[in-house]
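Asks:
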Amino acid sequence: MKNKNLEQMRRDKLREAQLKMLGILEEIDKLCRAHNISYWIEGGTLLGALRHGGFIPWDDDVDISMLRSDYDRFIEVAAKELPPHLFLQTRKTDPSFHHRECKVRDLNSFIADGGDDTGADYQKGLFVDVFPYDEAPSKLRRQMGNVAHGITIATIVLDGLHHYSWHAVGQLLYFGIKRPLLKAAWRLGCLLWANGDYVAIDPHFSWSRAIHKKTNLFPLGEVEFEGRRFSAPAKPDEYLTTLYGDWHQIPPKEKQQIHSMLILPTLVEHPVAE
Numbered sequence: 000m001k002n003k004n005l006e007q008m009r010r011d012k013l014r015e016a017q018l019k020m021l022g023i024l025e026e027i028d029k030l031c032r033a034h035n036i037s038y039w040i041e042g043g044t045l046l047g048a049l050r051h052g053g054f055i056p057w058d059d060d061v062d063i064s065m066l067r068s069d070y071d072r073f074i075e076v077a078a079k080e081l082p083p084h085l086f087l088q089t090r091k092t093d094p095s096f097h098h099r100e101c102k103v104r105d106l107n108s109f110i111a112d113g114g115d116d117t118g119a120d121y122q123k124g125l126f127v128d129v130f131p132y133d134e135a136p137s138k139l140r141r142q143m144g145n146v147a148h149g150i151t152i153a154t155i156v157l158d159g160l161h162h163y164s165w166h167a168v169g170q171l172l173y174f175g176i177k178r179p180l181l182k183a184a185w186r187l188g189c190l191l192w193a194n195g196d197y198v199a200i201d202p203h204f205s206w207s208r209a210i211h212k213k214t215n216l217f218p219l220g221e222v223e224f225e226g227r228r229f230s231a232p233a234k235p236d237e238y239l240t241t242l243y244g245d246w247h248q249i250p251p252k253e254k255q256q257i258h259s260m261l262i263l264p265t266l267v268e269h270p271v272a273e
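According to numbering that gives the first Met the number 0, the stretch in the sequence shown is residues 0 to 273, in order.
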């Protein structure tokens, strides 16, 4: 049974949380400009910029992406130079963190969704996701996108929380065999057909199955998001169409769902120094 009070709390807190994530994005933008690191706003964040002028009204995260070389430099720089209220979260900087993506977290907030282990001792503040992009196959893009998506599903199952049951054992065996085979297929596709014309998000995060023309991305441009301007793909319309199809269409009310279970935009009014 749904708890209507919990749902109302999330709706009441969402805008405050969005503005705090906007602040994280501004700090990332400042750091990237200082170090000549290229990035672009990604996924629902880019869609929100073009369709709503800012956040999708029910969205509770921010996504940005970078080419692999910039991603590696960003991790190195951000670990040293982010302001003290922010934290670069990876498996290396936060060993209890069981996800693969890189996040920049706010340390004076809390957000949790169904994939979080609320009992584990890793940072769970509001965040911006940072994803790496690599060269991708220029042929059989639909099929290779399905391969990448399969790697994502397998990774979520294998890296996620598990309870002791025969079903869990079966999943671990099935996906434990399937993921190496899919990764081998992806590597082979890149070896045979990657010619520098297409890029894709690291297949561990490929929810969309999208493989993008590099000319839709570069040279990077800018879009307005919540009254500020941030880096964006050169052809955002084409980029979003590759991701979502008809992205102009607003989904029906029943699909306008906040993903997180709990949102606390501020933990304490006078945060303790780290």
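Note that CB positions come from ideal geometry on N, CA and C, so glycine has one too. On a predicted model such as this, the values are computed, not experimentally measured, just so you know.
Suppose only complete runs of 3+ residues qualify. What are the beta strand (DSSP E) ranges in the segment 99-126, listed by chain order?
Replies: Here the runs fully enclosed are 101-105 and 109-111.
Asks: Would you give the residue range spanned by the alpha helix (DSSP H) that Arg186 belongs to?
Replies: Where Arg186 is concerned, the enclosing alpha helix (DSSP H) stretches over Trp165 to Trp192.
Asks: If you drop the 5 nearest sequence neighbours on each side, which residues of the same chain put their C-beta closer than 6 Å to that of His148?
Replies: Once the five neighbours on either side are set aside, the close Cβ partners of His148 are Ser205 and Arg208.
Asks: Taking the C-alpha atoms as reference points, what is the distance between Asn4 and Leu263?
Replies: If I take the Cα positions, the gap works out to 14 Å.
Asks: Does Gly53 come out as helix, strand or coil in the three-state DSSP assignment?
Replies: If DSSP states are grouped into helix, strand and coil, Gly53 belongs with coil.
Asks: Could you tell me whether the segment 10-29 touches the segment 221-233, where touching means 3 or more Cβ pairs closer than 8 Å?
Replies: Verdict: yes, contact present.
Asks: Terminal residues of the continuous beta strand (DSSP E) containing Ala209?
Replies: Counting along the chain, Ala209 falls outside any beta strand (DSSP E), and DSSP gives it neither H nor E.
Asks: Taking one C-beta from the segment 232-252 and one from the segment 36-55 each time, how about it: are there three or more such pairs within less than 8 Å?
Replies: Touching, per the Cβ criterion.
Asks: What would DSSP say about Gln88, mapped onto helix, strand or coil?
Replies: Gln88 falls in the strand class under three-state DSSP.
Asks: What whole-angstrom Cβ distance do Ala233 and Leu216 have, given they're in contact under 8 Å?
Replies: The Cβ separation is near 6 Å, so the contact holds.
Asks: Give me the DSSP bridge partner(s) of Met8.
Replies: DSSP lists no partner for Met8.
Asks: Does the distance from the C-beta atom of Ala122 to that of Arg99 stay below 8 Å?
Replies: Position check: residue 122 holds Gln in this sequence, whereas Ala was assumed. No.
Asks: Assuming Asp71 is part of the alpha helix (DSSP H), what are its boundary residues?
Replies: Taken as a continuous stretch (DSSP letters only), the alpha helix (DSSP H) holding Asp71 covers Arg67 to Glu80.
Asks: Tell me Arg140's beta-bridge partners as DSSP assigns them.
Replies: According to DSSP, Arg140 bridges with nothing at all.
Asks: Quick one: residues in its chain with C-beta nearer than 8 Å to the C-beta of Pro218, no 5 flanking neighbours on either side, listed in chain order?
Replies: Correct list, in chain order: Ala233.
Asks: In terms of residue numbering, what span does the alpha helix (DSSP H) encompassing Tyr238 cover?
Replies: Looking at the DSSP string, the run of the alpha helix (DSSP H) that includes Tyr238 is Pro235 to Tyr243.
Asks: Does DSSP put Gly195 in a helix, a strand or coil?
Replies: Coil at Gly195, not helix or strand.
Asks: To the nearest angstrom, report how far apart Tyr243 and Val222 are at their CA atoms.
Replies: Approximately 18 Å, taken between the alpha carbons.
Asks: Note the first and the last residue of the continuous beta strand (DSSP E) segment covering Leu263.
Replies: Per DSSP, Leu263 belongs to the beta strand (DSSP E) from Leu261 to Leu263.
Asks: Using 10 angstroms around the beta-carbon of Thr154, count the other beta-carbons present and answer buried if the total reaches 16, otherwise exposed.
Replies: With 16 or more Cβ atoms within 10 Å of its Cβ, Thr154 is classed as buried.
Asks: If you follow the beta strand (DSSP E) that Phe229 is in, where does it begin and where does it stop?
Replies: Counting along the chain, the beta strand (DSSP E) containing Phe229 begins and ends at Arg227 to Ala231.
Asks: Look up Gly42 in the DSSP assignment and say whether it is helix, strand or coil.
Replies: DSSP places Gly42 in helix when its eight states are reduced to three.
Asks: Would you call the segment 246-257 in contact with the segment 160-179, where contact means no fewer than 3 C-beta pairs closer than 8 Å?
Replies: Cβ pair count under 8 Å is below three, so no.
Asks: Can you check DSSP and say which residues form a bridge with Asp62?
Replies: Answer by DSSP bridge pairing, in chain order: Asp128.
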